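Using this note's numbering, you'd call the opening residue of the sequence shown number 104 and step up by one each time.
Glycine included, each C-beta is placed from N, C-alpha and C at the ideal position.
Quantities reported herein were computed from a predicted structural model and do not represent experimental measurements.
Here is the structure we will look at.
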Amino acid sequence: MLEVKDIHTYYGLSHILFGVTLEVRKGEIVCVLGRNGAGKTTIMRSIMSFTPPSQGKVYFNGKDITRLPVFKIAKMGLAFVPDNRRIFPDLTVEENLDIAAHAGRGRGRSNWNKEKIYELFPPLRELDCRQGGFCSGGEQQMLAVARALMGNPDYLLLDEPLEGLAPLVVRELVVQIERLRKEGLSILITEQNVRAALKLANRVYVIDRGEVRFQGTVKELEENEEISRKYLLV
Ligand SMILES: Nc1ncnc2c1ncn2[C@@H]1O[C@H](COP(=O)(O)OP(=O)(O)O)[C@@H](O)[C@H]1O
Ligand SMILES: [Mg+2]
Numbered sequence: 104m105l106e107v108k109d110i111h112t113y114y115g116l117s118h119i120l121f122g123v124t125l126e127v128r129k130g131e132i133v134c135v136l137g138r139n140g141a142g143k144t145t146i147m148r149s150i151m152s153f154t155p156p157s158q159g160k161v162y163f164n165g166k167d168i169t170r171l172p173v174f175k176i177a178k179m180g181l182a183f184v185p186d187n188r189r190i191f192p193d194l195t196v197e198e199n200l201d202i203a204a205h206a207g208r209g210r211g212r213s214n215w216n217k218e219k220i221y222e223l224f225p226p227l228r229e230l231d232c233r234q235g236g237f238c239s240g241g242e243q244q245m246l247a248v249a250r251a252l253m254g255n256p257d258y259l260l261l262d263e264p265l266e267g268l269a270p271l272v273v274r275e276l277v278v279q280i281e282r283l284r285k286e287g288l289s290i291l292i293t294e295q296n297v298r299a300a301l302k303l304a305n306r307v308y309v310i311d312r313g314e315v316r317f318q319g320t321v322k323e324l325e326e327n328e329e330i331s332r333k334y335l336l337v
């Protein structure tokens, strides 16, 4: 289980997160919703120790991982896919996957390899000789997720994976992310795209200006019009 307890995070003197608490239980897809600038990426950065919280704690499977070096957190089985999809544009799809395999922790519950990845993301098989920079936005997002999987994580943090993608591609990715959960991964996903996120999520947190304003099931959020109107673009 991933637990974020009452964290406060700053960029320099700017106080961004004000006591954020959330958890992702094993086998869950949890979605953090919020408008642009609400603090979604900062939550991910706090968990991964890119920008460690100055107060509060992050626990992973009961261990305090607050402020641990990023590589140690990754080795424990947490993988982060940033919103800018850091793939290598000059390497082919296959080379991008090979590099990620070398960097991975090489064990874990699941054992991902290229064949299994291509089964999950059939478009990548077709493209495996193409350079990453020449793939479409949707293909690059699949590749970014695939690279993270090559490290055999138990938990995936996906920062706005559906952002800027065409509706058809969004639907395809939603199905693939749902399949990852069935493979046993636990997933924390941030989104502004409320509709697609609600199709995926088991539970939802809504944040605004660095504070959690709502937590509950998708159904509870849908029944709460005030929250959607105040904090989300719907
Ligand atoms: N490197 C940074 N330095 C200073 N302020 C930042 C930095 N990155 C983000 N911020 C600010 O922190 C707030 C939250 O940003 P972010 O977590 O990226 O929001 P979201 O991902 O929800 O769009 C915003 O007000 C943003 O301007
Ligand atoms: Mg963001």
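Residues near residue i in its chain [Cβ-Cβ closer than 7 Å; skip 5 each side]
i: Thr124; result: Val107, Lys108, Asp109 and Val315
i: Trp215; result: Leu252, Met253 and Asn255
i: Lys160; result: Lys108, Asp167 and Thr169
i: Ile119; result: Thr112, Tyr113, Gly142, Thr145 and Gly313
i: Glu281; result: Leu303
i: Asn139; result: Gln295
i: Ser152; result: Arg170, Leu171, Pro172, Val173 and Ile176
i: Phe121; result: His111, Gly313 and Glu314
Nearest-angstrom Cβ-Cβ length linking residue i and residue j, presumed shorter than 8 Å
i: Thr144; j: Thr293; result: 7 Å
i: Gln244; j: Leu268; result: 7 Å
i: Gly235; j: Leu271; result: Between Leu271 and Gly235 the Cβ distance is about 21 Å, and since that is not below 8 Å, they are no contact.
i: Arg250; j: Leu200; result: 6 Å
i: Phe317; j: Asn327; result: 7 Å
Neighbourhood of residue i by C-beta distance below 8 Å, restricted to the same chain and skipping five residues each side
i: Val297; result: Leu136, Ser331, Leu335, Leu336 and Val337
i: Glu198; result: Phe191
i: Ala300; result: Cys134, Leu136, Leu265, Ile292, Glu294 and Val307
i: Tyr258; result: Leu105, Val127, Phe163, Gly180, Leu181, Ala182, Leu288, Ser289, Ile290 and Leu291
i: Gln279; result: Leu223, Phe224, Met245 and Val248
i: Arg233; result: Thr195 and Val196
i: Thr63; result: For residue 63 there is no data in the structure shown, the boundaries of the chain being 104 and 337.
Spatial neighbours of residue i in its chain, beta-carbon cut-off 6 Å, leaving aside the 5 residues before and after
i: Ser338; result: The chain is shown from 104 up to 337; residue 338 falls before or after that span and cannot be answered.
i: Asp262; result: Thr144, Met147, Pro185, Asp186 and Thr293
i: Gly241; result: Leu268 and Val272
i: Glu275; result: none
i: Gln158; result: His111
Three CB pairs or more closer than 8 Å across the region 284-302 and the region 126-133:
Contact between the region 284-302 and the region 126-133 is established, with three or more Cβ pairs separated by less than 8 Å.
Runs of beta strand (DSSP E) lying entirely within the region 273-319, each at least 3 residues, in chain order | Segments of the beta strand (DSSP E) lying fully in the region 273-319: 289-294 and 306-311.
Contained beta strand (DSSP E) runs [length at least 3] in the region 121-147, N- to C-terminal order: For the beta strand (DSSP E) assignment, the uninterrupted runs of no fewer than 3 residues enclosed by the region 121-147 are, from N- to C-terminal side, 132-136.
Exercise. Pick out the complete alpha helix (DSSP H) segments inside the region 140-194, 4 residues or longer, and give them in chain order.
Key: For the region 140-194, the continuous alpha helix (DSSP H) assignments of 4+ residues that do not extend past its boundaries occur at 143-151 and 173-179, in sequence order.
Handout entry: Neighbouring residues (CB closer than 5 Å to any heavy atom of ligand 2)
Key = Proximity annotation: ligand 2 has residues Lys143 and Thr144 in chain order, each selected because its CB is closer than 5 Å to a heavy atom of the ligand.
Note down, one range per segment and in chain order, each alpha helix (DSSP H) of at least 4 residues found wholly within the region 218-278.
Annotation: the region 218-278 contains the following complete segments of the alpha helix (DSSP H) (minimum length 4 residues), in chain order: 225-229 and 240-252.
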